[in-house]
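Participant: What follows is a single structure, and I will ask about it in a moment.
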Amino acid sequence: MKRLLLVVAALATGFVLGFGLGGARPPSPTAVPAVERQRLPGYERVRPLVECRFGTDRGSYATLRGELNALVAQARADARLGAIAIDVHDLESGRELVIDADLKFTPASLFKLPTVLGILRMAEQDPALLDREVEFQPTPSDLRQEVPVATPLVPGRRYTVRHLVEQAIIQSDNDAAALLHEVSTVDRFLGTFSELGLRPPALGVNDDFYSVREYAAFFRSLFNAGYLGPEMSEWVLGLLSRTRFRDGLVAGVPDTVEVAHKFGERRSDVHLPGMRQQLHDCGIVYFPARPYLLCVMTRGESIPELASVIRDVSATVYRFHQRDTQPTALTQAGGW
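Structural data, given as structure tokens:
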């Protein structure tokens with residue numbers, strides 16, 4: 001238990017987080033990019049697919065890249081933004097656009113998702129785990145949630161693991177996540193990262209250690225039902241669609257469009273002035289017939305202003321997909 005609490009504490013203070021591609025010659029402009037596959041180990045006769053990622057851009061995201069670069073430049077000029085990284089991934093075609101792929105951030109509450117994934121891996125082997133009850137006894141913490149919890153846990157009350165999972169995802173409750181860590185083990189938590197082809201968190205001195213592309217792996221695995229089974233993946237995405245934070249990705253799309261997402265926010269006095277706040281929002285936008293993954297990580301001085309930048313990025317990406325799916329005059333006339 002002491003070792004687990006040390007890991008949880010380390011998540012609050014920071015971690016330190018490679019991959020190489022080799023080839024005889026570069027592909028031609030019309031070649032289909034190679035597919036990278038990450039498979040779950042530990043099986044004798046099958047190798048379940050966990051991660052499947054295609055090459056970036058594939059040509060048709062070039063216009064969107066220009067629009068996002070212009071948006072980012074204006075946000076910086078308006079002093080709303082210090083740093084940003086963006087990952088857009090069309091989950092049907094596999095095309096992907098990444099801006100500042102190597103920029104690192106502090107995941108903060110984003111790490112509640114891998115915590116939940118680890119617990120649910122355990123629950124798939126032991127379904128009774130979700131009905132196990134855990135008593136909440138608050139412990140001193142210097143972590144402050146800028147986005148308050150609507151219905152905080154009550155000291156002395158017992159909660160099922162199922163309720164704690166819902167509380168950790170929907171309300172991003174730090175107390176619920178801490179109790180889930182007590183139910184889990186260090187090896188189970190760290191194993192979620194390695195099984196998804198990610199380097200597990202390690203103690204270090206650098207607060208910023210994760211990129212948008214790395215974090216997006218959790219959502220790709222849920223969408224593909226490659227890490228958890230289909231029923232459990234469906235349940236988690238349903239919880240993520242009820243996330244209370246609505247000022248980022250959700251604010252950039254119509255009310256009728258579902259967004260299954262997780263946000264994270266963090267304040268740090270380590271950064272230079274103008275970059276003390278971090279706000280991230282990552283998830284799946286269920287654009288009709290063409291769902292896409294959008295992950296945005298930001299640094300700046302004001303959480304509301306960072307939220308407005310994420311909203312603008314989300315709206316820009318959504319409008320692009322609207323235009324991209326409109327039939328051309330030739331297809332309307334039956335020319336194809």
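In our numbering, the protein residues as written are 1 to 336. We put the CB at the ideal spot given by N, CA and C, even for glycine.
1. Identify which residue in Val285, Tyr159, Asp281 has its Cα closest to the Cα of Glu133.
2. Cα separation between Val8 and Asp187?
3. Which one of Ala70, Val50, Ser60, Arg80 has the shortest CA to CA distance from Glu301?
4. In the DSSP output, what is Leu294 paired with across the bridge?
5. Taking all protein chains shown into account, do 16 or more other C-beta atoms lie within 10 angstroms of the C-beta of Glu182, making it buried, or fewer, making it exposed?
6. Would you check if the segment 112-126 and the segment 294-310 touch, i.e. whether three or more CB-CB distances between them fall below 8 Å?
7. For Arg220, is the classification buried or exposed, using 16 other Cβ atoms within 10 angstroms of its Cβ as the cut-off for buried?
8. In the DSSP output, what is Lys262 paired with across the bridge?
9. Are there 16 or more other CB atoms within 10 angstroms of the CB of Asp102, so buried, or fewer, so exposed?
10. In three-state DSSP terms, what is Arg319?
11. Would you mind reading off the limits of the alpha helix (DSSP H) that contains Leu164?
12. In whole angstroms, give me the CA-to-CA distance for Ser172 and Thr243.
13. Assuming Gln278 contacts Thr106 under a Cβ cut-off of 8 Å, what Cβ separation, rounded to an integer in Å, is found between them?
14. Tell me which residues share the same chain as Ala83 and place their Cβ nearer than 6 Å to its Cβ, disregarding the 5 neighbours each side in the sequence.
15. Where does Arg95 land, buried or exposed, given buried means 16+ other C-beta within 10 angstroms?
16. Ordered along the chain, which non-local residues of its own chain (more than five positions away) have a Cβ less than 8 Å from that of Gly118?
17. Taking C-alpha atoms, which residue in Glu234, Phe287, Met232 lies nearest to Val259?
18. Return the CA-CA distance between Asn69 and Val313, expressed in angstroms with no decimal places.
19. Which residues in the same chain have their Cβ closer than 7 Å to the Cβ of Met232, if we skip the five residues on either side of it in sequence?
20. Helix, strand or coil for Phe366 per DSSP?
21. Can you tell which of Val253, Glu265, Glu234, Gly274 has its C-alpha closest to the C-alpha of Val147?
22. What did DSSP end up calling Gly226 once you bin it into helix, strand or coil?
23. Check whether the Cβ atoms of Asp87 and Val212 sit closer than 7 Å, and answer yes or no.
24. For Ile169 versus Leu228, is the C-beta spacing smaller than 7 Å?
25. Tyr210 to Leu198, Cα distance in whole Å?
26. Phe218 to Lys262, Cα distance in whole Å?
27. Bridge partners for Glu133 per DSSP, in chain order?
Facilitator: In short:
1. With respect to the C-alpha of Glu133, the residue from Val285, Tyr159, Asp281 having the closest C-alpha is Tyr159.
2. Confidence at Val8 is low in this model, with a pLDDT of 44, below 50, so the placement of that residue should be treated as unreliable; the coordinate-derived value is given next. Cα to Cα, Val8 sits roughly 12 Å from Asp187.
3. Arg80
4. DSSP, once it has assigned bridges, lists Val88, Gly283 as partnering Leu294.
5. exposed
6. no
7. Of the residues assessed, Arg220 falls on the buried side of the cut-off, its CB having 16 or more other CB atoms within 10 angstroms.
8. Cys282
9. exposed
10. helix
11. 161-170
12. 8 Å
13. The C-beta separation of Gln278 from Thr106 comes to about 6 Å, placing the pair in contact by the 8 Å criterion.
14. Arg299
15. buried
16. Ser184, Arg188, Phe189, Gly191, Thr192
17. Phe287
18. 10 Å
19. Leu120, Glu124
20. This structure cannot settle anything about residue 366, because the visible part of the chain is limited to 1 through 336.
21. Glu265
22. coil
23. yes
24. no
25. 10 Å
26. 11 Å
27. Thr160
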